[in-house]
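Under the numbering used here, read the sequence shown as residues 686 to 1056, first letter to last. Where a beta carbon is used, it is the ideal one built from N, C-alpha and C, also for glycine. In this text the structure is predicted, and so the values were computed from the model without any measurement. Structure first, then comments.
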Amino acid sequence: MTTPFSMNMKHLLLVFALFLSGCDLLGSDEDSFSKAGTVLVANGGNFSDQNGYITSIDLSEGSVTHHADLGGFLQGVVSLDDTFFALVNTFSEGRVDVLNGDVLSLEQQFTPVLAPRYAAQSGGVLYVTNFVWEQPGFVTPITLATGEIGPSIQVGMTPEGIANVADKMIVANAGSLGSGSVLSVFLPGEIESRSVDIGCDGPRDLFVISDTELAVVCTGKTVYNDEWTQVLEQTMGEVVFFDARSESVTGRVSLSQQASSTNGTQTGYYSKDTKEVFITLSSSEEIVVVSTEQRSVSSVIQVPETDGLIGLSGIAYDAGRDQLIIGRFPTSSGGSFPDFTSAGTVQLMNRAGIVYDSYVAGASISSITLR
């Protein structure tokens, strides 16, 4: 005999079962995101040894390949339209190596490029930022089809990131120890730039978050006395949202510390899938996650202490696996500071700060790119 009570219970159990199964049927957010196949680690190498190279890590197989010595300090690897550009600095001059996307073999080489820092593309032209000691830096335009190097475009002090957004080229001028506060703006094909002050210290990394807008990671600045023995002033990092059409600031997010990396290179990574910027705070070994939709800090992830490792240098986020990929330096045998000559380590970590895998890379990790 079926009573109204038993019928109601069956109905409730059925609804509950459908609710539970619905979680799997609908899938989690990361199920809709593509998984990265390979991690490309730019190992800067010891500058005096000029021994930078790329390490590739196959995430599916867990295999590691150390590629050929590039004969210079590897500033970073930039991925643009399925082509990889290795930015190399040597004692005499810099260069840009164009690498095959599958096996990372050399396809082209552009030189001379004084001291490349980062690159962005517009049409068939690659624009490369260059550092000049105690002088304003410049951007080198390179026609990819012919290798022709065009007239330099002067920008600000210590140019770092560059981006193509709203049909404009935008350059972040960090300045010495974060003393800069301006972006340089020019149109593709122009040979002169103009400056836009965005009111933050040390604009460094630029991330295109829409057709017209950038997220700018500013490191913060440090001011020393003339003897370099005392810190006179120090400001914290910041993320500034910049509208490239109106060339105006549309929002700010303050950081609790300076944005930094052990190697003085890449400090952030932008995930288009989750619309988040992941920023390294190397001194405290933390990762700050900034939501570009909410315009706020969504979380702070503490990287767990690991024997023999120190600092943070290079970061990426694989949305398909919901995992962070971070670069670590070995601790020097002489004390609690980084060793720039020995092999670094790449760690895979979840958002709870749990490291579940690691791989040996090369010396002085500069940046991490996903393929």
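Beta-carbon to beta-carbon, valine 902 and valine 813 are separated by about 20 Å, too far to satisfy the 8 Å threshold. For phenylalanine 816, there is no enclosing beta strand (DSSP E), as DSSP marks it with neither H nor E.
If you draw a straight line from the Cα of valine 817 to the Cα of leucine 772, it comes to about 15 Å. In this structure, proline 888 sits near serine 866, with a CB-CB distance shorter than 8 Å. Taking all protein chains in view, the Cβ of phenylalanine 758 is crowded by 16 or more other Cβ atoms within 10 Å, so the residue is classified as buried. For histidine 751, same chain residues with a beta-carbon under 6 Å away, outside a window of 5 residues either side, are Thr740 in chain order.
Shown here, serine 719 sits in coil according to DSSP, grouped into three states, outside any helix or strand.
Note that the C-beta distance between valine 934 and glycine 884 is below 8 Å. In this structure, DSSP gives glycine 863 a helical state, which the three-state scheme calls helix. For the options Leu917, Val763 and Leu829, the alpha carbon positioned closest to that of proline 801 is the one of Val763. One alpha carbon belongs to glutamate 778, the other to glycine 756, and they sit about 12 Å apart. Listed as beta-bridge partners of alanine 800 by DSSP are no residues whatsoever. By alpha-carbon distance to alanine 721, the top candidate from Leu744, Ile855 and Ala727 is Leu744.
For methionine 1034, same chain residues with a beta-carbon under 6 Å away, outside a window of 5 residues either side, are Leu1009 and Val1040 in chain order. DSSP places histidine 752 outside any beta strand (DSSP E), giving it a letter other than H or E. A direct Cα-Cα distance of roughly 43 Å separates serine 984 from isoleucine 834.
The beta carbons of glycine 874 and threonine 907 sit no closer together than 8 Å. Excluding the 5 residues flanking it on each side, asparagine 731 has same chain C-beta neighbours closer than 7 Å at Phe1025, Thr1026, Ala1048 and Ser1049, in chain order. Under the three-state reduction of DSSP, proline 989 is assigned to coil, being neither helix nor strand.
When C-beta atoms of the segment 830-846 are compared with those of the segment 911-931, fewer than three pairs fall below 8 Å, so the two segments do not count as touching. Cβ neighbours of leucine 765 within its own chain (closer than 8 Å, five residues either side excluded): Ala804, Ala805, Gln806 and Leu811. Our two residues, alanine 929 and glutamate 845, have alpha carbons roughly 18 Å apart in a direct line.
Inter-residue distance for aspartate 1007 and isoleucine 876 is about 42 Å (C-alpha atoms, whole angstroms). Leucine 891 is a Cβ neighbour of alanine 848, given a cutoff of 8 Å.
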